[in-house]
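First up is the structure itself, then whatever we jot down about it.
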Amino acid sequence: MKLFFLLLTLFSLKAFSQPEQVLDGISEGSFMPVSGKYIVSGWVKEDVSNQPVSYSYSTITVNIADGTDPAFYSLALNPSGAIIDGWQRIAGIIEIPDVTQMGYPHLKIALVCSNTLADCYFDDIRFYPYNGNLKSFAYDEDTQRLMAELDENNYATFYEYDLEGGLVRVKKETERGVYTIQETRSNNPKK
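Per the numbering used here, residue 497 is the first one in the sequence shown, and the count goes up by one each step.
As structure tokens, this is what we get:
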């Protein structure tokens, strides 16, 4: 079993898969959000030879504990919906209880791959308040151009550029797949 514990409120993790022994030196943090509803979502891809209808080896688990075992609160989120370009969405709503009476409460989010023969990849993991809105952006490291924008539902809009830096194509990810919504071509006449 492969897993990784996450103690951050917002991050992006691309093509991740690590064996459990790498985690020996990682200490648990003390992140604990206030009580209320939260949305946890992300995307998963399983490295399998035949494309299934739904992935079955990947989960995101959320645990709240105060040092006791088993956890005070535990929830496992599984992939659902269509597989889009090899990726399937994981999303769920969690209710963080009032933990003011607990000794040392902490939240643990684990990305779990139960397939011992193949890797699982997690991307665009989000944790934010239910009544909140979250948009995120990805930029090219070299050109600083906007490459993708993730909307409130964690679906991406992709931006493609030509060699001169002009925007040539905009694609939108939906529940039914990725669609081109804008395409532009231009040329400069030779002198």
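Glycine residues also receive a C-beta, built at the ideal position from the N, C-alpha and C atoms.
Legend entry - Which listed residue (Gly532, Asn684, Asn574, Pro529) has its alpha carbon closest to that of Glu542: The residue with the shortest Cα to Cα distance from Glu542 is Asn574.
Legend entry - Terminal residues of the beta strand (DSSP E) in which Arg587 lies: The displayed chain sequence assigns Ala, not Arg, to residue 587. It spans 583-592 - the beta strand (DSSP E) in which Ala587 sits, taken as one unbroken run.
Legend entry - CB of Val536 within 8 Å of CB of Gly582, strictly: no
Legend entry - Coil, strand or helix - Met598 by DSSP: coil
Legend entry - C-alpha gap between Thr639 and Asp562, whole angstroms: 45 Å
Inset, instruction - Count the CB pairs spanning the segment 601-611 and the segment 626-638 that are closer than 8 Å, and state whether there are at least three. - result: no
Legend entry - Cβ neighbours of Tyr622 in the same chain (closer than 8 Å, five flanking residues each side left out): Residue identity differs from the one stated: residue 622 is Arg in this sequence, not Tyr. Cβ within range, chain order: Leu506, Ile535, Val536, Ser537, Gly538, Leu630, Ser632, Asn650.
Legend entry - Distance, Thr680 Cα to Ile586 Cα: 33 Å
Inset, instruction - Locate the beta strand (DSSP E) running through Gln678, then write down its first and last residues. - result: 673-679
Legend entry - Contacts around Val544, its chain only, beta-carbon distance under 7 Å, and the 5 residues preceding and following it disregarded: Ala614
Inset, instruction - Could you check the C-alpha separation between Asp594 and Ser554 for me, to the nearest Å? - result: 29 Å
Inset, instruction - Could you tell me if Pro601 is buried or exposed, where buried requires 16 or more neighbouring beta carbons within 10 angstroms of its beta carbon? - result: buried
Legend entry - Reduced DSSP category for Arg665 - H, G, I as helix; E, B as strand; rest coil: strand
Legend entry - Residue from Ile580, Val530, Ile592 whose Cα sits closest to the Cα of Gln547: Ile580
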